[in-house]
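Enquirer: What follows is a structure written as structure tokens; I'll ask about it next.
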Amino acid sequence: MTFVHEADVTSAMIRSAQVRWDLRVETYETETELVDKLRLFAGGIMHRERRGELD
Amino acid sequence: MTTEVSRDLIVERFGDVTYNRFLFYIMGPYKSFNLNYVLSEEDRRDIEVDDLPGPLRRLFQNKAEIDGAQALLRRVQGSLRVNPGVNAFLALDVDVPTSEVDAATQSIEFTRCSNATAFVLPFLGHNFGVGEEAGSILEAYLRHTAIG
Chain A
1 MTFVHEADVT SAMIRSAQVR WDLRVETYET ETELVDKLRL FAGGIMHRER RGELD
Chain B
56 MTTEVSRDLI VERFGDVTYN RFLFYIMGPY KSFNLNYVLS EEDRRDIEVD DLPGPLRRLF
116 QNKAEIDGAQ ALLRRVQGSL RVNPGVNAFL ALDVDVPTSE VDAATQSIEF TRCSNATAFV
176 LPFLGHNFGV GEEAGSILEA YLRHTAIG
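Residue numbers (this note's numbering), protein chains in the order written: chain A, 1 to 55; chain B, 56 to 203.
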């Protein structure tokens with residue numbers, strides 16, 4: 001699971017979530033950057049699934 | 056009859072992409088962030104928006120931003136379905152009535168069914184509910200994986 005938030009969004013929950021859960025948190029400034037980060041995230045999971053690294 | 060959320064249900068509702076079985080659930084702040092969706096017209100008649108404290112007043116006034124956030128999620132979903140061709144979806148597309156399964160439970164079920172989940176947070180001038188919704192999903196998921 002990933003959280004991608006616009007740079008202006010702040011939340012104590014988002015900051016502390018990484019400590020408690022296996023979670024990626026990213027920020028974005030533009031829509032292109034947002035889509036790129038989501039593509040990378042999905043691609044990364046796909047690779048790990050193929051290699052059998054995920055439960 | 057109660058609708059049961061499953062991978063097959065989600066796959067069935069969508070057209071073909073290169074990786075049909077790779078479900079990517081895109082979550083974002085719409086609907087639940089606007090009191091106009093929660094309160095009836097009658098309820099709203101009794102409320103003088105200008106008398107409300109700032110954060111609540113903004114919740115009544117941000118319909119345009121909410122629509123904008125949903126349009127953003129739509130475009131993001133479309134981009135991901137084309138490249139890399141994953142089966143990206145929004146909760147409202149699966150179209151499970153909230154009278155059968157409440158929204159938070161749906162989010163948890165969609166997350167469980169999906170290969171990947173993203174919570175996209177554009178800046179809407181406030182962050183009410185973000186932590187609560189995300190926290191409930193993560194906590195439920197953690198319990199689920201711990202039980203195995």
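The beta-carbon is built from N, C-alpha and C at its ideal position, and this holds for glycine as well.
DSSP on L145/B, reduced to helix/strand/coil?
Expert: In the structure shown, L145/B sits in coil (DSSP, three-state: anything other than H, G, I, E or B).
Enquirer: E26/A by DSSP, collapsed to three states: which one?
Expert: Here E26/A sits in strand by DSSP.
Enquirer: Name the chain B residues that come within less than 7 Å of H5/A, Cβ to Cβ?
Expert: Chain B residues near H5/A: L176.
Enquirer: Quickly, what does DSSP pair V175/B with across the bridge? List them, please.
Expert: For V175/B, which the question treats as bridged, DSSP gives the partners V4/A.
Enquirer: Ordered along the chain, which non-local residues of its own chain (more than five positions away) have a Cβ less than 7 Å from that of L128/B?
Expert: Closer than 7 Å at Cβ, skipping near neighbours: I81, G83, L145 and V175.
Enquirer: For G203/B, I'd like the list of residues in its chain whose CB is within less than 6 Å of its CB, leaving aside the five on either flank, ordered along the chain.
Expert: Because G203/B carries a pLDDT of 34, less than 50, the predicted location of this residue cannot be relied on, and no value is offered for it.
Enquirer: Need the endpoints of the alpha helix (DSSP H) that L78/B sits in, please.
Expert: Unbroken run through L78/B is the beta strand (DSSP E), Y74 to M82; no alpha helix (DSSP H).
Enquirer: With a threshold of 8 Å between beta-carbons, can A171/B be considered close to chain A, or not?
Expert: Cβ-Cβ to chain A under 8 Å: yes for A171/B.
Enquirer: Below 8 Å on the Cβ atoms is my guess for G133/B versus Y74/B; work out the distance and round it to an integer in Å.
Expert: Contact doesn't hold; Cβ gap of about 15 Å is too wide.
Enquirer: Alpha carbon to alpha carbon, how far is I102/B from T2/A? Give it in angstroms, no decimals.
Expert: Between T2/A and I102/B, the C-alpha separation is close to 38 Å.
Enquirer: Evaluate L38/A with the Cβ neighbour count: other Cβ atoms within 10 Å of its Cβ, from every protein chain shown; 16 or more gives buried, anything less gives exposed.
Expert: The residue in question, L38/A, is buried, as its Cβ has 16 or more Cβ neighbours within 10 Å.
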